[in-house]
Each structure stands twice: as structure tokens, then as C-alpha cells.
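Q:
So, in C-alpha cells, the structure goes:
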């Protein structure tokens with residue numbers, strides 16, 4: 263019966279990776295660039311990394327993120343015959359007006375200013391791409407062991423679900439309505455940078471016009487993964503430090519303003535992205551370890567008192583579920599300090615002192631030669647002792663042997 267239970271758990275656990283392997287295989291077949299030999303080399307390097315110490319923890323736990331990024335990239339190679347034939351142009355703005363009484367994106371983006379452009383660009387074009395790495399580092403240093411792994415999974419699967427939704431349910435962004443109106447859309451239309459074109463003018467660069475013009479997934483308005491990423495990032499920030507909740511809410515609202523101001527998403531897209539993030543976090547939260555405010559770093563959770571870069575590096579190869587065991591003789595000891603070994607000689611001397619201090623209270627009944635204060639006393643931890651004859655009785659007060 264226990265064997266069947268363990269087998270069932272292992273099967274359910276590995277089912278996740280079977281699905282990821284199938285998705286990787288499909289993407290491998292769809293992608294046309296880089297060439298097949300390069301794709302084979304990259305795939306081999308990924309598989310080999312699972313057996314390389316330290317690196318394997320990064321690549322294995324980041325598999326959902328890799329799956330999301332590769333799926334997003336491979337969307338440009340999907341033949342038109344396998345894509346949805348209809349691209350929704352009017353459904354999002356119509357729902358926007360029904361639910362909120364107006365097209366909020368149109369209202370917010372109507373009045374532009376260089377200062378507002380920069381304020382919108384900071385979360386949308388800078389923080390969005392950099393903060394996942396910052397949060398990963400914070401979780402690794404200050405979070406309990408296991409929290410970084412669950413953050414990577416939740417973040418990766420949320421984005422993967424969003425990309426698959428955008429692929430199967432294509433919707434035009436607000437910039438399309440501004441340029442083309444309600445005209446039917448097709449996959450030959452290139453992507454547009456929207457309000458980010460003004461950032462190119464401010465910076466004097468040809469950055470976003472080129473990037474969005476070659477986007478693998480042009481009609482991916484719903485759900486907004488900018489909103490989803492901001493929401494799930496802030497949920498993990500609050501998990502790590504609940505006092506930052508007001509700041510987290512402010513950042514999500516800042517991102518919402520930026521995406522609508524830059525004409526990349528409707529309000530309903532933002533709500534949809536946050537729902538995806540909430541669902542991913544709710545699932546991950548069931549497995550997240552509890553944060554202990556008394557533990558300043560992950561090393562404290564593992565029982566390591568000496569904080570150093572080497573200690574953090576060594577903890578990568580350490581399974582947090584087995585932190586009561588030492589890693590090795592040459593590595594940082596993760597287990598709690600063991601008590602000092604018993605010194606039997608000190609115990610005997612202490613007992614002798616106690617017996618001497620209470621000598622006035624003892625009485626000896628029987629023949630005196632049967633008693634000798636040596637290491638061969640009854641119950642001595644050092645040498646065995648033959649019990650004295652029955653007629654000999656020892657009474658040492660509180661000192662009992």
C-alpha cells in the first residue's frame with residue numbers, strides 16, 4: 263500500500279514535466295530559426311545542465327519560464343492555417359464601455375506630455391523587465407528556502423497561460439483602434455509601439471518602433487501580461503514583507519496607468535492579467551513556506567550563523583526539506599549544533615563529590631569490606647560490578663547508586 267501511494271505521488275509530480283517536455287518538443291518542431299543543428303545543441307545543453315551541480319537548480323526550476331519565452335518566440339512561426347481565423351477588434355472596447363461606462367484607455371491617452379511619457383515608460387519599459395530578477399535575488403537572500411522555486415513556477419506558468427490565451431483568443435490593442443478604426447485585422451499587420459514612439463523621440467533611439475514592429479504576437483491584448491507580472495510580483499513582495507503592501511498596490515496602479523496611457527491595453531485587459539496572477543499565486547501559496555520574521559536571511563532558516571557568499575552558494579545545493587542534516591565535512595554545516603559529548607570521568611567525579619558532601623548522612627549496614635569508593639561501584643558507567651551479598655546495605659542519603 264505505501265508503495266502504491268509513493269508511486270502515485272511521483273506520477274502526479276512528474277506529470278507537470280511531461281507536459282512541459284511535450285510543449286518544448288512542439289516548439290522545437292515549429293521554430294525555423296535558428297537552424298536545426300543549433301536547436302539540437304541548445305536542447306542538449308539544457309538537458310545536460312540537469313546534472314551540473316548548482317546550475318541544475320536554476321535550469322530545472324526555471325523550466326516554466328523557459329517554456330513561456332520559447333512559446334512566445336515560436337508564435338511567429340505558426341502557419342496561418344493553424345491560427346484562429348478571426349481576430350477580435352471590437353469586443354474589448356465594447357466590453358470596456360459596457361463595464362466601465364467609457365473607454366478608459368482612450369480618455370487617459372488623449373492628453374500627453376513628455377513628463378507623463380517618462381512616468382509611464384519607467385514601469386512599462388524598465389521596471390517590468392528588470393524587477394523579476396531583483397525579486398528573485400531578494401527571495402533567494404531573505405526568503406525561506408523553497409520560496410524562490412515557487413516564485414519561478416508561478417511566474418512562468420502565469421505568463422505561459424497568458425501567451426496561450428493571446429494565441430488562441432487574438433484581440434487588437436487600443437493602438438489598432440486609433441490607426442485602423444474598426445477595420446478587420448489580419449496577421450500581415452505589423453505591431454506598433456503606440457505611445458512608446460514618443461520615448462524613442464525623447465531618447466533619440468530607434469528602439470521600440472523596431473521591437474514592436476517585429477513582435478511574434480501582435481494581437482495579444484488580452485490578458486495584459488504587464489499587469490499580470492506587476493500583480494504577481496507585488497503579491498510575492500507582500501508575502502516576503504507584508505509592510506510593503508501599500509507600495510505594492512501603488513506599483514500595480516502605476517503599471518495600469520502606464521499601459522493605458524501608452525495605448526497598449528484596455529482596462530479589461532489589465533483586470534484579466536491581474537486575475538491570471540491571482541490564480542497563479544493562490545495555487546503557489548498553498549506550498550509556500552512560512553516567513554519567520556526572526557530569520558533575517560535564508561541562512562537563518564537553515565541554521566547557519568555565519569553569513570558569507572560561500573554560505574549562500576553552498577545553500578543552493580542543499581535541499582531545504584533536509585536542512586537538519588549536515589552537507590559535508592568540507593561545506594557549511596546546516597544542521598543545528600550537536601551537544602557536547604558526555605565525559606564519563608567528570609560524571610563520576612561529580613557524583614563522588616556529592617557523596618562526600620553528604621557523608622554525614624550515610625549509614626553502613628553489614629560487613630565493611632564490601633564497600634569501596636572506586637570506579638567499580640554499582641551502576642558505574644565505566645566498569646561492571648558484581649552485586650554485594652544480600653546482608654550488605656548502602657545508604658548515602660541523596661546519593662543513590
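Numbering (the working numbering), first residue to last: 263 to 663. The beta-carbon is built from N, C-alpha and C at its ideal position, and this holds for glycine as well.
(1) Going by DSSP in three states, residue 290 sits in which element: helix, strand or coil?
(2) Put residue 352 into one of helix, strand or coil per three-state DSSP.
(3) What do you get for residue 278, buried or exposed, if any count of 16 or more other CB atoms within 10 angstroms of its CB means buried?
(4) Identify whether residue 278 lies in helix, strand or coil by the three-state DSSP scheme.
(5) Is it the case that the region 569 to 576 contacts the region 518 to 532, given that we only count it when at least three CB pairs across the two stretches are under 8 Å?
(6) Which parts of the region 317 to 381 are runs of the alpha helix (DSSP H), unbroken and 4 residues or longer, counting only runs that do not cross its ends?
(7) Alpha carbons only, please: which of 492, 360, 530 and 399 is nearest the one belonging to residue 515?
(8) Please report the straight-line C-alpha distance between residue 462 and residue 468, rounded to a whole angstrom.
(9) Here's the rule I'm using: 16 or more other beta-carbon atoms within 10 Å means buried, otherwise exposed. How should residue 480 be labelled?
(10) Quick check on the DSSP output: the alpha helix (DSSP H) that includes residue 566 runs from which residue to which?
(11) Would you kindly check if the distance between the Cβ of residue 421 and the Cβ of residue 490 is under 9 Å?
(12) Just verifying my parser: in three-state terms, what is the DSSP assignment at residue 658?
(13) Using CA coordinates, which residue listed in 417, 517 and 410 is at the minimum distance from residue 254?
(14) Helix, strand or coil for residue 534 per DSSP?
(15) Pull up the distance between the alpha-carbon of residue 449 and that of residue 486, whole angstroms please.
(16) Decide if residue 454 is buried, meaning its Cβ has at least 16 other Cβ atoms within 10 Å, or exposed.
(17) Three-state secondary structure (DSSP) at residue 433?
(18) Got a sec: is the Cβ-Cβ distance from residue 370 to anything in chain D below 9 Å?
(19) Rounded to whole angstroms, what is the Cα-Cα separation between residue 484 and residue 404?
(20) Evaluate residue 555 with the Cβ neighbour count: other Cβ atoms within 10 Å of its Cβ, from every protein chain shown; 16 or more gives buried, anything less gives exposed.
(21) Among 423, 533, 551 and 488, which residue has its Cα nearest to the Cα of residue 390?
(22) Residue 502 and residue 367: beta carbons closer than 9 Å?
(23) To the nearest angstrom, report how far apart residue 587 and residue 474 are at their CA atoms.
A: The answer reads as follows:
(1) Here the question's residue 290 lines up with position 28 in the chain shown. Reduced to three states, the DSSP call for residue 290 is helix.
(2) Taking the first residue of the chain shown as position 1, residue 352 is located at position 90. Residue state, collapsed to three classes: coil.
(3) The residue you call residue 278 lines up with position 16 of the chain shown. Residue 278 should be labelled exposed.
(4) Taking the chain shown and counting its residues from 1, the one referred to as residue 278 is at position 16. It is helical.
(5) Counting C-beta pairs closer than 8 Å gives fewer than three between the region 518 to 532 and the region 569 to 576, which falls short of the contact rule.
(6) 317 to 323, 325 to 336, 353 to 362 and 366 to 371
(7) By 1-based counting over the chain shown, the position of residue 515 is 253. Out of 492, 360, 530 and 399, 492 has the C-alpha closest to the C-alpha of residue 515.
(8) Position 200 of the chain shown, counted from the start, is the residue given in the question as residue 462. Position 206 of the chain shown, counted from the start, is the residue given in the question as residue 468. So the two alpha carbons sit approximately 6 Å from each other.
(9) Along the chain shown, read from residue 1 onward, the residue named residue 480 stands at position 218. Per the 10 Å Cβ criterion, buried.
(10) Against the chain shown, residue 566 aligns to sequence position 304. Neither: residue 566 is in no alpha helix (DSSP H) and is coded neither H nor E.
(11) Taking the chain shown and counting its residues from 1, the one referred to as residue 490 is at position 228. Taking the chain shown and counting its residues from 1, the one referred to as residue 421 is at position 159. Yes, the Cβ-Cβ distance between residue 490 and residue 421 is below 9 Å.
(12) For this step, residue 658 is matched to residue 396 along the chain shown. Summary for residue 658: the model assigns pLDDT 40, below 50, so the residue's position carries little reliability, and this model does not support an answer.
(13) Past the edges of the chain, shown from 263 to 663, lies residue 254, and the structure says nothing about it.
(14) Walking along the chain shown from the start, residue 534 turns up at place 272. Helix, per DSSP.
(15) As a position in the chain shown, residue 449 is number 187, starting the count at 1. As a position in the chain shown, residue 486 is number 224, starting the count at 1. Take the alpha-carbon of residue 449 and the one of residue 486: they are about 20 Å apart.
(16) Numbered from 1 along the chain shown, position 192 holds the residue referred to as residue 454. By the neighbour-count rule (16 or more Cβ atoms within 10 Å), residue 454 is buried.
(17) In the chain shown, the residue the question calls residue 433 occupies position 171. DSSP places residue 433 in strand when its eight states are reduced to three.
(18) Among the chains in the structure shown there is no chain D, since it carries only a single protein chain.
(19) Taking the first residue of the chain shown as 1, we reach residue 484 at position 222. Taking the first residue of the chain shown as 1, we reach residue 404 at position 142. Residue 484 and residue 404: Cα-Cα distance of roughly 34 Å.
(20) The residue labelled residue 555 in the question sits at position 293 within the chain shown. Exposed: under 16 other Cβ atoms inside 10 Å.
(21) Position 128 of the chain shown, counted from the start, is the residue given in the question as residue 390. Considering only alpha carbons, the answer is 488.
(22) Within the chain shown, the letter at position 240 stands for residue 502. Within the chain shown, the letter at position 105 stands for residue 367. Not in contact: residue 502 and residue 367 (Cβ atoms no closer than 9 Å).
(23) The count along the chain shown starts at 1 and reaches residue 587 at position 325. The count along the chain shown starts at 1 and reaches residue 474 at position 212. Low confidence applies to residue 587: its pLDDT is 35, below 50, so where it sits in the model is not reliable, and the reading given next is rough at best. Between residue 587 and residue 474, the C-alpha separation is close to 51 Å.
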